[in-house]
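A.B. asks:
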Amino acid sequence: MSSSRRQLARQISELIERPRTEAVKASRPQVIGITGPPGAGKSTLVDQMIRALRRADQRPGVILVDPSSPLTGGALLGDRIRMQEHSSDEHVFIRSLATRGRLGGLADGIDGVLGLLGEVGFAPLLIETVGVGQSEVEVAQIADTVVLVLYPGWGDEVQTAKAGLLEVADIFFVNKADQGDAGPLIGQIEAMLALSSRDWKPPVIGGSALTGVGIEALLSAISAHVNYLADADR
């Protein structure tokens, strides 16, 4: 790790211990929240997004919010291990943060961390939440675009989840579409969205994070949402 990256890592650690209180949303780069239930394949999807963003010559900063170790209170780092090959790329910064028992799927000090990553030139910024269920609606308060990752077989839970994650998602990605029949779930989501009064109509994308199918469509949908926000001045 270069000295500049070590310094950045130290600054992030300091922010987690002593979070900034000032708002940073106005000046930071685009923030994309990746959320969804456990087992949906969020980490694999983030890995594919990093690859695609690097092919487009972008410099993604990635925050992986991990469950805390019951012994140390630190992040378990499982997600970062799965993305090991990006560690030698100076144009990618990946950091695991521990929830330390905090509900909501995020971690203390994350606002300041996002601002810091933006200051040193990383953009866009990706946040992967811990996958604890509907309490992760907190991600919508910090991310500009929320991607909800689901998988075939989750359809039975769509109705009960409507009041939570489904209503804050800007884009739906039905993962593992190559391993099962994704059609019914996609149909359920689209039927639910047809009843929504939101100006933005969230796209529903079927794909596979394992093979990379649907990743370009996902990034295009994210760009479309960014343009929508700019036009709406939100």
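Under the working numbering, the first residue of the sequence shown carries the number 39, and numbering increases by one thereafter.
Quick reminder that beta carbons are idealized off the backbone N, C-alpha and C, glycines included.
These numbers come from a predicted model, not from an experiment.
Could you say which of R92, P67, Y189 lies nearest to S126 if we only look at CA atoms?
C.D. replies: Translated into positions along the sequence shown, residue 126 becomes position 88. Closest by alpha carbon: R92.
A.B. asks: Counting pairs of beta carbons, one from the region 65-83 and one from the region 148-163, are three or more of them closer than 8 Å?
C.D. replies: Contact holds: three or more Cβ-Cβ distances are below 8 Å.
A.B. asks: For the beta strand (DSSP E) holding D104, just list the boundary residues, first then last.
C.D. replies: In the sequence shown, residue 104 corresponds to position 66, counting from 1. Segment 99-104, the beta strand (DSSP E) holding D104.
A.B. asks: Take I243 as the anchor and find which of G252, R236, D237 has the nearest alpha-carbon.
C.D. replies: If you number the sequence shown from 1, residue 243 lands on position 205. The candidate whose alpha carbon is nearest that of I243 is G252.
A.B. asks: DSSP on E205, reduced to helix/strand/coil?
C.D. replies: Looking up residue 205 in the sequence shown gives position 167. Of the three classes helix, strand and coil, the one that applies to E205 here is helix, per DSSP.
A.B. asks: On a CA-only basis, which of S81, R48, A94 is nearest L186? Give me that one, please.
C.D. replies: The residue labelled residue 186 in the question sits at position 148 within the sequence shown. With distances taken between Cα atoms, L186 lies closest to S81.
A.B. asks: For the alpha helix (DSSP H) that S258 lies in, which residues bound it at each end?
C.D. replies: Counting from 1 along the sequence shown, the entry for residue 258 is found at position 220. 253-270 is the extent of the alpha helix (DSSP H) around S258.
A.B. asks: Use the C-beta contact count for Q86: other C-beta atoms within 10 angstroms, 16 or more gives buried, fewer gives exposed.
C.D. replies: In the sequence shown, counting from the first residue as 1, residue 86 sits at position 48. Q86 is buried by the Cβ-count criterion.
A.B. asks: Do P190 and A229 come within 8 Å of each other at the CB atom, strictly closer than that value?
C.D. replies: Sequence index remark: in the sequence shown, residue 229 carries index 191 (1-based). Sequence index remark: in the sequence shown, residue 190 carries index 152 (1-based). No. Outside cutoff.
A.B. asks: How would you write the range of the beta strand (DSSP E) that R133 sits in, first residue to last?
C.D. replies: Taking the sequence shown and counting its residues from 1, the one referred to as residue 133 is at position 95. Here the beta strand (DSSP E) through R133 covers 131-136.
A.B. asks: Along the chain, where does the alpha helix (DSSP H) that runs through L83 open and close?
C.D. replies: In the sequence shown, the residue the question calls residue 83 occupies position 45. That run of the alpha helix (DSSP H) goes 80-93.
A.B. asks: Check each candidate in L154, I148, V212 and name the one with the smallest Cα separation from A181.
C.D. replies: Within the sequence shown, numbered from 1, the residue matching residue 181 stands at position 143. A181 has its Cα closest to that of I148, out of L154, I148, V212.
A.B. asks: In whole angstroms, give me the CA-to-CA distance for I209 and I260.
C.D. replies: Counted from its first residue, the sequence shown places residue 209 at position 171. Counted from its first residue, the sequence shown places residue 260 at position 222. Approximately 8 Å between the Cα atoms of the pair.
A.B. asks: In whole angstroms, what is the alpha-carbon distance linking V158 and L248?
C.D. replies: Looking up residue 158 in the sequence shown gives position 120. Looking up residue 248 in the sequence shown gives position 210. One C-alpha to the other measures close to 31 Å.
A.B. asks: Can you check whether the CB of V151 is closer than 8 Å to the CB of I50?
C.D. replies: Taking the sequence shown and counting its residues from 1, one reaches residue 50 at position 12. Taking the sequence shown and counting its residues from 1, one reaches residue 151 at position 113. A Cβ-Cβ contact shorter than 8 Å links I50 with V151.
A.B. asks: Distance, Cα to Cα, S234 vs P222?
C.D. replies: Counting from one through the sequence shown, the residue named residue 234 turns up at place 196. Counting from one through the sequence shown, the residue named residue 222 turns up at place 184. C-alpha separation (whole angstroms): 19 Å.
A.B. asks: With 16 other CB atoms within 10 Å as the buried threshold, where does E166 fall?
C.D. replies: Indexing the sequence shown from 1 puts residue 166 at position 128. So E166 ends up on the buried side.
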